[in-house]
Structure formats: C-alpha cells, structure tokens
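> For the sequence shown, the residue numbers in the working numbering are 18 to 113.
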Amino acid sequence: MEIEFSWDEHKAETNLKKHGVAFEDATLVFYDAYALYKQDRFENGEYRWQAIGMVHGQAILLVAHTVQDHDGIDHIRIISARQAVRKERNEYEQNR
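Dropping the structure here:
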C-alpha cells in the first residue's frame, strides 16, 4: 500500500507549539502494524478519522486526519497530532 501525506504548514507549526508533535513524526503512526483507526466525525463534506499508534518505539500519538484514494494511493491529510491520553494509550496497549 502506497501512502502520501499532506498538511497545512501553518497548522503544523501551531500543532508543534501547542502539542510538541511534528507532523513529520505523526506520519510514522501509519506504519505501526498495531495502530488503531476509528472514524471520528463527518465535517466539511469529509470523514475525519483518528489513528492511535506508536512512533520511535516509545511515544503513542493520536493523529486526526482525512483519507482520500487517488488512483489506488491513500492520500492522508493530517489535521492535528498529540500525545495520546491515558485512556487512548490503554486502548492501544490492549489491542497489541
């Protein structure tokens, strides 16, 4: 499966300052074999998703994103990324 990522640069800077998570690091969640995916809501004509996964073998992140299929390639637009809270970390650990 091929994946492409995109994001708004201003939003990426804001996210880094607010949550301490770079969107470049957040992309690694999508390569975690144990990542959890759940549909969050429908907004502005598109489905919003949440992915919870591990990056760098230690940090568990929650990444809000959208997904579109472009000729068989998953195009993921990252909206926000942050450290997972305890409930989300527990959910991830239980599904490993």
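Heads up, the beta-carbon is just placed ideally off N, CA and C, and yes, glycines get one too. In this text the structure is predicted, and so the values were computed from the model without any measurement.
(1) At what residue ranges does the region 41-96 contain a whole run of the beta strand (DSSP E), taking only runs of 3 or more?
(2) Pick from Glu-63, Ala-98, Glu-26 and Ile-77: whose alpha carbon is nearest that of Glu-108?
(3) What are the boundary residues of the beta strand (DSSP E) that Glu-21 is part of?
(4) Assuming the contact rule is C-beta atoms closer than 8 Å, Glu-105 and Leu-79 should be a hit. Round their C-beta distance to whole Å, please.
(5) Alpha carbon to alpha carbon, how far is Arg-65 from Gly-74? Give it in angstroms, no decimals.
(6) On the three-pair Cβ rule with 8 Å, is the region 25-45 touching the region 87-101?
(7) Does the beta-carbon of Ala-39 have 16 or more other beta-carbons within 10 angstroms, so that it is buried, or is it exposed?
(8) I believe Asp-49 touches Met-71 by the beta-carbon criterion, under 8 Å. Please report the beta-carbon distance rounded to the nearest angstrom.
(9) Buried or exposed: which applies to Val-46, given that a residue is buried once 16 or more other Cβ atoms fall within 10 Å of its Cβ?
(10) Hey, Ala-29 and Ile-69 are a contact pair by Cβ (cut 8 Å); roughly how many whole angstroms apart?
On the basis of the supplied data:
(1) Counting only unbroken stretches of 3 or more residues, the beta strand (DSSP E) elements lying wholly within the region 41-96 are 53-60, 63-72 and 76-87, in sequence order.
(2) Checked all of Glu-63, Ala-98, Glu-26 and Ile-77; the closest Cα to Glu-108 is Ile-77.
(3) Counting along the chain, the beta strand (DSSP E) containing Glu-21 begins and ends at 20-23.
(4) Glu-105 to Leu-79, Cβ: 6 Å. Contact.
(5) About 26 Å.
(6) Touching, yes, given that three or more Cβ pairs across the two stretches are closer than 8 Å.
(7) Around the CB of Ala-39, fewer than 16 other CB atoms lie within 10 Å, so the residue is classed as exposed.
(8) Indeed they touch by this definition, with Cβ atoms about 5 Å apart.
(9) Val-46 should be labelled buried.
(10) Taking the Cβ atoms as the reference, Ala-29 lies roughly 20 Å from Ile-69, outside the contact range of under 8 Å.
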